[in-house]
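Residue numbers (my numbering), protein chains in the order written: chain X, 44 to 306; chain V, 216 to 552.
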């Protein structure tokens, strides 16, 4: 039964000083699905994903990959579990070119282990191949990232994440800074990745994005899980209600209206 | 973009490859001039010196001049790597003096061993700097300024405040051995320059130094050990200072604990002229080599023209300020692009 899930997080808690960012949160990600992770600001979405990607270490809880318990203490551990995170602020080195960004920390090399010579030819060829396969509109892997648009940078970040066959992609607000057209291109890319067998957790404030391409959506509020909904069975209102009121339904009607008009 | 019916509307990668705000023509030109400034300046200075400075283009002068700028130039190469990784070392002059004194004090162990110890003393200072900056989280200006003072004190203590003369066989060999037009320090400078250039452009280590200087956060998330890489760049700067210190002592056949007062100014100026940014992540070793040669030619020409040392300081200061201003300008362009 458990092996249905590629990722299970059980009872994850995290505290920053006096703030309980996450309180006994569970998450299950199925293989080959897009799981939306939604919630208001400070709901704990990013913190939860940073724990899965090794950027933070949880105070308590367990993580299972394919039913086996793993210990994720840093980004390298996460990577060896096939997990890649694409950050809101991109985590690209603007002073490096596309290929060097994609391969950063995992360069093709020959020669000595420490003073290893870069196999640039292979890196550029594979980067170009990858950009083409993902339909990413960047003319050359030799371009420096500092000369690119926001959308192009998101695409590079996505390419970087899947370059090494990461099976599990965590994306933090990938469309937040993009125009409508670029956002749609990126959503299409995410969908293609899902269809290619990747499992995706998509953090977003734009609930309609999730309803358009997601399979399930999980709602966090105040560091607690409010529920997981099947996308085909719910509408925008259901999700927003859960985001604003939570399970208990404590807050006022106006908040919900406000959020609806915003989303 | 596949399947999108109107892909021409917005400037995408194919149409607007160098995206960002489209700069005016003269802006592009200015950027190009600034990027290759060291080579342009070197060309101008050389042309002027050859044509108008008496005795410049003589064999004797070329040999002396190259040896002179090479010793500080080796330090520039180390600083270039350190500054690409977004650090700086203000104490390179003190390290230079320490390495020379250690070399001279241990000369009875044999010159090769003594030279090794001198170089290691320099690397040791780099290790201390790296440790203080990455483990104790001290700002690198403060850290290297503090170690500079400590190293200076230590140098005077172990040398007993006096110049130590070289008496061992072959003490002066490294500083004066000659191959054709060039002496050993110049050959070492060009050799180290080529090695450093290859490391920075052809190896993963070089890429990592660029990466941590460009975005330390992203580098950490990519799994790089940012602290260790940063500390290592301080060791490189210390190592280069150590090599320079040994060469200088060998050349003078003596180690003076008080040398190196102007070293940091010269080395940092040459590095920045060479296109290395004070804001990290940007720079290249070949540019630094050209920057060193440019400053060397200027200093040598001013000497030959009989310009006083004080005016030379003024001129060097003015050059440094104008280069820093252009660096700040370039950095603003990069950040807004």
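Ideal Cβ placement from N, Cα and C applies to all residues, glycine included.
For residue 134 of chain X, the C-beta contacts it makes with chain V under 8 Å involve 430, 432, 433, 436, 437, in order along the chain.
The Cβ-Cβ distance between residue 73 of chain X and residue 47 of chain X falls below 8 Å. Distances from the alpha-carbon of residue 298 of chain V to those of V/503, V/351, V/533, V/374 put V/503 closest. For residue 422 of chain V, the nearest beta carbon of chain X is closer than 8 Å to its own beta carbon. A Cβ-Cβ distance of about 12 Å is found for the pair residue 459 of chain V and residue 304 of chain V, leaving them out of contact under the 8 Å criterion. Counting C-beta atoms within 10 angstroms of its own C-beta, residue 365 of chain V has fewer than 16 neighbours from the protein chains shown and is therefore classed as exposed. The three-state secondary structure of residue 168 of chain X, taken from DSSP, is helix. Residue contact check for residue 167 of chain X against chain V: no CB pair falls below 8 Å.
In this structure, residue 295 of chain V and residue 489 of chain V form a Cβ contact; the two beta carbons are roughly 7 Å apart against a cut-off of 8 Å. Taking CB atoms only, residue 119 of chain X has a neighbour in chain V less than 8 Å away. In the structure shown, the three-state DSSP call for residue 87 of chain X is coil.
Beta-carbon to beta-carbon, residue 261 of chain X and residue 267 of chain X are separated by about 11 Å, too far to satisfy the 8 Å threshold. The three-state reading of DSSP puts residue 62 of chain X in strand, counting E and B together. Using a Cβ-Cβ cut-off of 8 Å, residue 159 of chain X counts as an interface residue toward chain V, since at least one Cβ of chain V sits closer than that to its own. Nearest CB-CB separation between residue 426 of chain V and chain X: below the 8 Å threshold. Taking the C-beta atoms as reference points, residue 100 of chain X is found nearer than 8 Å to residue 116 of chain X. In this structure, residue 336 of chain V lies near residue 457 of chain V, with their beta-carbon atoms less than 8 Å apart. Between residue 229 of chain X and residue 126 of chain X, the C-beta spacing is not below 8 Å. By the Cβ-count criterion, residue 357 of chain V is exposed, with fewer than 16 other Cβ atoms from all chains shown falling within 10 Å of its own Cβ. The bridge partners DSSP lists for residue 261 of chain V come to none. Taking the C-beta atoms as reference points, residue 264 of chain X is found nearer than 8 Å to residue 83 of chain X. By the neighbour-count criterion, in which 16 or more other beta carbons inside 10 Å mark a residue as buried, residue 549 of chain V falls on the buried side. Inclusion of residue 189 of chain X and residue 138 of chain X in the CB contact set at 8 Å is warranted, their separation being smaller than that value. In its chain, beyond the 5 residues on either side, no residue has a beta carbon closer than 8 Å to the beta carbon of residue 148 of chain X.
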